[in-house]
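Chemist: The structure's right below; bear with me while I get my questions together.
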Amino acid sequence: MKTIHIGIIGAGRIGKIHADNLLRIPGAKISAIGDLFAGDELRAWAASRGIPVVTNNSIEILESPDIDAVLICSSTDTHVPFIKQAAANGKHIFCEKPVSLSVDQTLEALAAVKAAGVSLQIGFNRRFDHNFRRVREIVSEGRIGEPHLIKITSRDPNPPHPEYIKGSGGLFMDMAIHDFDIARYLSGSEVVEVFAQGAVLVDPAIGEQGDIDTAVTMLRFENGALGVIDNSRQAVYGYDQRVEVFGSGGSVTADNDYPSTTVVSGPEGVTRDKPLYFFLERYTEAYMNEAKQFIESLQNGTPVPVSGHDGLQAELIALAAKRSLEQGRPVKLAELTAGTSVG
Numbered sequence: 262m263k264t265i266h267i268g269i270i271g272a273g274r275i276g277k278i279h280a281d282n283l284l285r286i287p288g289a290k291i292s293a294i295g296d297l298f299a300g301d302e303l304r305a306w307a308a309s310r311g312i313p314v315v316t317n318n319s320i321e322i323l324e325s326p327d328i329d330a331v332l333i334c335s336s337t338d339t340h341v342p343f344i345k346q347a348a349a350n351g352k353h354i355f356c357e358k359p360v361s362l363s364v365d366q367t368l369e370a371l372a373a374v375k376a377a378g379v380s381l382q383i384g385f386n387r388r389f390d391h392n393f394r395r396v397r398e399i400v401s402e403g404r405i406g407e408p409h410l411i412k413i414t415s416r417d418p419n420p421p422h423p424e425y426i427k428g429s430g431g432l433f434m435d436m437a438i439h440d441f442d443i444a445r446y447l448s449g450s451e452v453v454e455v456f457a458q459g460a461v462l463v464d465p466a467i468g469e470q471g472d473i474d475t476a477v478t479m480l481r482f483e484n485g486a487l488g489v490i491d492n493s494r495q496a497v498y499g500y501d502q503r504v505e506v507f508g509s510g511g512s513v514t515a516d517n518d519y520p521s522t523t524v525v526s527g528p529e530g531v532t533r534d535k536p537l538y539f540f541l542e543r544y545t546e547a548y549m550n551e552a553k554q555f556i557e558s559l560q561n562g563t564p565v566p567v568s569g570h571d572g573l574q575a576e577l578i579a580l581a582a583k584r585s586l587e588q589g590r591p592v593k594l595a596e597l598t599a600g601t602s603v604g
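In the numbering used here, each residue carries its 1-based index in the sequence shown increased by 261.
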């Protein structure tokens with residue numbers, strides 16, 4: 262089995278999740294981790310996991326001849342420069358979503374990857390969730406006929422700190438982008454038009470940052486199907502993640518995951534556990550599966566399961582949703598790609 266030597270750029274929460282998962286994958290070896298604010302705490306954490314190199318200068322990782330692939334888990338504004346440098350140095354790349362907040366910048370990154378002939382996988386972990394993957398299998402097998410309606414509910418248990426909103430890209434680019442990708446994945450079709458409505462109903466401070474915390478987004482797909490996504494930054498009962506695909510021959514749904522399937526019935530009513538609390542609990546297995554498939558694709562020389570094209574399309578939907586909200590009208594994705602190599 263070919264060993265893939267890996268460097269991780271960005272040692273925040275998601276970088277450490279990926280690191281711990283990679284340590285469990287045969288043939289994956291973490292050779293270095295880089296973070297601008299790396300200090301004694303990160304060095305101790307890395308030492309406890311046998312990661313030999315910790316650096317404040319991530320360029321060292323990108324230029325190291327001993328590293329085959331990099332995971333880019335740093336802030337969004339660093340993604341494109343790091344992707345370009347990684348590609349120029351012949352490194353395969355895993356990048357957290359989104360690639361950027363700009364169509365032009367994302368296209369530059371994808372062009373650099375293509376020119377270098379390296380792989381780029383985007384971190385849409387929900388594709389690797391056991392529930393959503395099974396829904397996709399059933400749809401692709403034709404068991405519900407032609408898809409007509411795709412309904413997605415995606416609600417966080419608590420809103421982020423308003424300061425986080427500043428650099429996040431907003432609800433559509435930061436949160437709902439996962440749902441936009443899942444809508445494409447489940448429908449098997451591209452989105453051609455978006456109409457979004459939004460409000461500030463959870464935290465006025467989010468509105469003060471120029472964002473919304475509650476949204477409904479309607480999608481029109483190339484194959485004629487329609488989609489509806491509802492998002493909220495706060496569901497007081499836990500992490501609410503449900504989907505339904507309704508078609509000409511039936512429907513398929515996926516419910517939330519729960520700590521147990523126990524249901525208690527009594528004179529006061531019928532109760533069960535709340536959904537798993539947040540993405541770390543709900544998507545633990547999905548994060549592991551996406552890392553495993555990234556490594557296996559590099560070992561086998563096969564295409565990565567979530568491409569740069571997938572990243573670009575989800576970003577386009579998010580940008581169209583933002584424009585729709587601002588202008589109060591449906592927005593065709595073709596408007597965003599006019600004059601580019603995508604259009």
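Here a beta-carbon is modelled for each residue, glycine too, at the ideal position from N, C-alpha and C. From a predicted model like this one, the values you see are computed outputs, not experimental measurements.
Note down the Cα distance separating I267 from I286, rounded to an integer number of angstroms.
Modeler: 12 Å
Chemist: Sort V477, G510, D329, G485 by Cα distance to E402 and report the nearest one.
Modeler: G510
Chemist: Note the first and the last residue of the continuous alpha helix (DSSP H) segment covering G406.
Modeler: Element bounds for G406: n/a, residue is neither H nor E.
Chemist: Counting only runs of 3+ residues fully inside the region 389-468, write out the beta strand (DSSP E) ranges in chain order.
Modeler: For the region 389-468, whole beta strand (DSSP E) runs of length 3 or above, ordered along the chain, are 408-416, 452-460.
Chemist: Helix, strand or coil for F507? Go by DSSP, reduced to three states.
Modeler: Here DSSP, grouped into helix, strand and coil, assigns F507 to strand.
Chemist: Can you tell me which of N318, G295, I320, G300 puts its alpha carbon nearest to the alpha carbon of C334?
Modeler: Nearest neighbour of C334 by Cα position, chosen from N318, G295, I320, G300, turns out to be G295.
Chemist: Less than 8 Å between the C-beta atoms of Y519 and R533, yes or no?
Modeler: yes
Chemist: Since V461 and I578 should fall inside the 8 Å C-beta cutoff, what is the C-beta to C-beta distance between them, to a whole number of angstroms?
Modeler: About 22 Å separates the two Cβ atoms, so there is no contact after all.
Chemist: On the criterion of 16 or more Cβ atoms from any shown chain inside 10 Å, does F539 qualify as buried, or is it exposed?
Modeler: exposed
Chemist: With contact counted as at least three CB pairs below 8 Å, one residue from each stretch, are the region 305-324 and the region 373-391 in contact?
Modeler: no
Chemist: Note down the Cα distance separating T522 from R395, rounded to an integer number of angstroms.
Modeler: 19 Å
Chemist: Would A552 and H279 qualify as a contact pair, given that the criterion is a beta-carbon distance under 8 Å?
Modeler: yes
Chemist: State the DSSP-derived secondary structure class of K358, mapped to helix, strand or coil.
Modeler: The DSSP-derived three-state label of K358 is coil.
Chemist: What are the uninterrupted segments assigned as alpha helix (DSSP H) that are 4 or more residues long and contained completely in the region 514-571, given in chain order?
Modeler: 540-543, 545-561
Chemist: Please return the same chain residues whose Cβ sits closer than 7 Å to the Cβ of I291, not counting the five positions on each side in sequence.
Modeler: I267, I269, A280, L283, L284, I312
Chemist: For T367, count neighbouring C-beta atoms within 10 Å of its own C-beta (all shown protein chains included) and say buried if the count is 16 or more, exposed if not.
Modeler: buried
Chemist: Sort Q588, E505, Q458 by Cα distance to F393 and report the nearest one.
Modeler: Measuring from the Cα of F393, the nearest candidate turns out to be E505.
Chemist: Is the CB-CB distance between I490 and D440 below 8 Å?
Modeler: yes
Chemist: State the beta-bridge partners of Q502 as determined by DSSP.
Modeler: S415
Chemist: Which term fits M262, buried or exposed, when burial requires 16 or more other beta carbons within 10 angstroms of its beta carbon?
Modeler: exposed
Chemist: Which residue wins for smallest C-alpha separation from N492, given the options D435, C356, P536?
Modeler: Put simply, of D435, C356, P536 the residue whose alpha carbon is nearest the alpha carbon of N492 is D435.
Chemist: Quick check on the burial criterion: 16 or more other C-beta atoms within 10 angstroms. Buried or exposed for V525?
Modeler: exposed
Chemist: Leaving out five residues on either side along the sequence, give the residues of the same chain with a beta carbon under 8 Å from the beta carbon of N350.
Modeler: L323, E324
Chemist: Per DSSP, I294 is paired with what?
Modeler: I269, V315
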